[in-house]
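Just so you know, we're using UniProt numbering here: the sequence shown kicks off at 1 and counts up by one. Remarks on the structure that follows.
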Amino acid sequence: MNTGQFMQEAIAIAHQNIAEGGRPFGAVVVKNGEIIAKAVNLMHIDNDPTAHAELLALRMAGQKLGTTRLDHCIVYASGQPCPMCLAAMRLSGISEIFYAFSNAEGEPYGLSTEAVADELRAPTESQAWALVRHTPPEETGMTDLYETWWAQQKKQY
């Protein structure tokens, strides 16, 4: 398969999701020219605001590969990935992302996340969508969380 065929698959499963009452989002994860995972947006079924096609496909890919690192994998998505999905792809090591429909193309249908992306670009303290404040661990008396984890990691190796 080639890039066009992988994108066609992402769009085809998005169309199927529409037929099943879902949103028009599908994602395919490819490694070494082979589809290793594909998923559609399941927010309407799972009542899970994080059940985006890209995130579900990343989860499946990680399970199939037995790792949280998806280095050298490529994601093909029917729509422009939202900030949450982009962050997950970045953290997992995805090397390339292709999408068919942009935020601008989705805007007339209420399918753009550009406003969210814009807000998230601002410093956390100045974002108006939620109260986000740093509470230093010293205020709780529980200051050893990361040190405990680090010590556990060192024991494993």
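Here a beta-carbon is modelled for each residue, glycine too, at the ideal position from N, C-alpha and C.
Kindly indicate the opening and closing residues of the beta strand (DSSP E) around residue i.
i	result
Ala37	Glu34 to Val40
Ala100	Glu96 to Phe101
Tyr146	Here Tyr146 belongs to no beta strand (DSSP E); instead the alpha helix (DSSP H) covers Leu145 to Gln156.
Gly79	Cys73 to Gly79
Within 10 angstroms of the Cβ of residue i, are there 16 or more other Cβ atoms? Answer buried if so, exposed if not.
i	result
Leu56	buried
Val132	exposed
His52	buried
Arg23	buried
Ile45	exposed
residue 246	The first residue shown for the chain is 1 and the last is 157, placing residue 246 beyond what the model contains.
Ser95	exposed
Taking the alpha-carbon of residue i as reference, which of the options has the nearest alpha-carbon?
i	options	result
Leu42	Asn17, Gly66 and Lys64	Asn17
Gly33	Phe25, Asn47, Ile94 and Asn2	Asn2
Val30	Gly62, Trp150 and Ala19	Gly62
Ile35	Phe6, Pro49 and Glu119	Phe6
Phe101	Glu114, Leu91 and His134	Glu114
Which first and last residues belong to the alpha helix (DSSP H) in which residue i is found?
i	result
Cys85	Pro83 to Ser92
Gly21	Premise fails: Gly21 is in no alpha helix (DSSP H) and is neither H nor E.
Leu55	Ala53 to Leu65
* How about the segment 64 to 81 and the segment 8 to 16: do they share at least three Cβ pairs that are nearer than 8 angstroms? -> Taking 8 angstroms as the limit for Cβ pairs, the verdict is that the segment 8 to 16 does touch the segment 64 to 81.
* Quick one: which unbroken alpha helix (DSSP H) runs of 4-plus residues sit fully inside the segment 106 to 148? Chain order, please. => Segments of the alpha helix (DSSP H) lying fully in the segment 106 to 148: 114 to 121.
* Tell me, please, whether the segment 85 to 102 touches the segment 67 to 76 by the rule of three or more beta-carbon pairs shorter than 8 angstroms. => They touch, by the three-pair rule.
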